[in-house]
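In this note's numbering, the protein residues as written are 29 to 311.
Reading through the structure tokens given below for one structure.
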């Protein structure tokens with residue numbers, strides 16, 4: 029037996045726990061690690077072993093390094109070269125089972141009037157989910173000095189923490205968060221007080237940007253007045269058509285012609301541009 033492995037602290041993780049947030053787990057594993065709840069947190073940067081019970085009779089061991097410790101546990105970054113396919117498949121299967129169960133529950137529950145639905149706080153942590161405590165500084169959630177890439181560290185955070193981080197993030201972290209799978213994060217990035225006009229121009233050209241984020245930019249006169257940003261908003265395929273058409277009312281013939289000929293513009297927006305040009309007598 030390897031004496032080095034004997035010296036490592038070992039932790040257990042039950043994938044069968046019904047309270048686990050499987051969506052969050054999938055995000056963490058895709059980022060190259062896993063948040064491990066525990067009472068006694070090991071030293072940061074120390075090497076640990078994690079025994080993950082996939083199902084009854086099947087436990088797989090993983091080696092990794094401790095980063096981002098918190099009061100409720102730590103995030104473990106998997107060592108490179110380890111086979112994660114079984115773990116990823118198990119999480120995907122659990123997600124499919126949860127989705128199927130959710131459909132069954134929705135079908136069996138009678139419709140409820142909207143006013144009878146109790147108010148809930150979306151930011152409240154779910155049982156068993158890996159949320160950090162509110163008082164933790166967002167800059168304690170990531171460490172640029174680590175060998176672990178920033179993208180992996182950021183992707184390992186819970187949605188609640190990514191939303192908090194987006195409001196204070198510097199440019200390298202903003203560049204990561206603006207492409208986050210959780211669309212709410214995009215709006216928080218754009219409202220970051222440190223963001224520059226150049227970034228707004230760059231981000232509004234991203235086709236996966238949240239429609240709500242695009243609408244927000246369009247509602248800000250200081251951005252919507254800039255021709256290059258306005259053109260990005262209009263031609264972005266994620267921009268709701270009604271908002272895009274409203275922005276087109278201030279365009280000149282040259283800008284309309286550019287939209288009509290641009291392969292980036294949707295066909296419906298190209299048609300609006302053509303019609304406006306015809307009304308101007310240009311076509």
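A virtual CB, placed ideally from N, CA and C, is assigned to each residue, including glycine.
Bear in mind that the values here come from a model prediction, so they are computed numbers and not experimental data.
Based on the DSSP output, what are the partners of residue i in its beta bridges?
{"i": "residue 240", "result": "Partner(s): none; residue 240 has no beta bridge."}
{"i": "residue 79", "result": "40, 89"}
{"i": "residue 101", "result": "65, 98"}
{"i": "residue 106", "result": "92"}
Measure the Cβ-Cβ separation of residue i and residue j and say whether it is below 8 angstroms.
{"i": "residue 57", "j": "residue 97", "result": "no"}
{"i": "residue 119", "j": "residue 53", "result": "yes"}
{"i": "residue 92", "j": "residue 107", "result": "yes"}
{"i": "residue 198", "j": "residue 235", "result": "no"}
{"i": "residue 278", "j": "residue 260", "result": "no"}
{"i": "residue 204", "j": "residue 179", "result": "yes"}
{"i": "residue 194", "j": "residue 176", "result": "no"}
Suppose the cutoff is 7 angstroms on Cβ atoms and the five residues either side in sequence are ignored; what does the same chain contact list for residue i look like?
{"i": "residue 114", "result": "82, 88"}
{"i": "residue 298", "result": "287, 288"}
Mind reading off the beta-carbon distance from residue i to residue j? Whole number of angstroms is fine, and I expect it under 8 angstroms.
{"i": "residue 39", "j": "residue 64", "result": "5 angstroms"}
{"i": "residue 225", "j": "residue 258", "result": "In fact, because the Cβ distance is near 12 angstroms, the residues do not count as touching under 8 angstroms."}
{"i": "residue 181", "j": "residue 95", "result": "7 angstroms"}
{"i": "residue 210", "j": "residue 187", "result": "5 angstroms"}
{"i": "residue 243", "j": "residue 268", "result": "7 angstroms"}
Mind checking residue i: buried by the 16 CB within 10 Å criterion, or exposed?
{"i": "residue 73", "result": "exposed"}
{"i": "residue 309", "result": "exposed"}
{"i": "residue 247", "result": "exposed"}
{"i": "residue 282", "result": "exposed"}
{"i": "residue 105", "result": "buried"}
{"i": "residue 101", "result": "buried"}
Given residue i, which residues of its chain have a CB within under 6 angstroms of its CB, disregarding the five upstream and five downstream residues?
{"i": "residue 160", "result": "Here the model assigns residue 160 a pLDDT of 42, short of 50, so the residue's position is not dependable, and the following value carries that caveat. 98, 189."}
{"i": "residue 36", "result": "75, 76, 77"}
Apart from the five residues just before and just after residue i, which ones in its own chain have a Cβ nearer than 8 angstroms to its Cβ?
{"i": "residue 252", "result": "245, 246, 258, 261, 275"}
{"i": "residue 291", "result": "none"}
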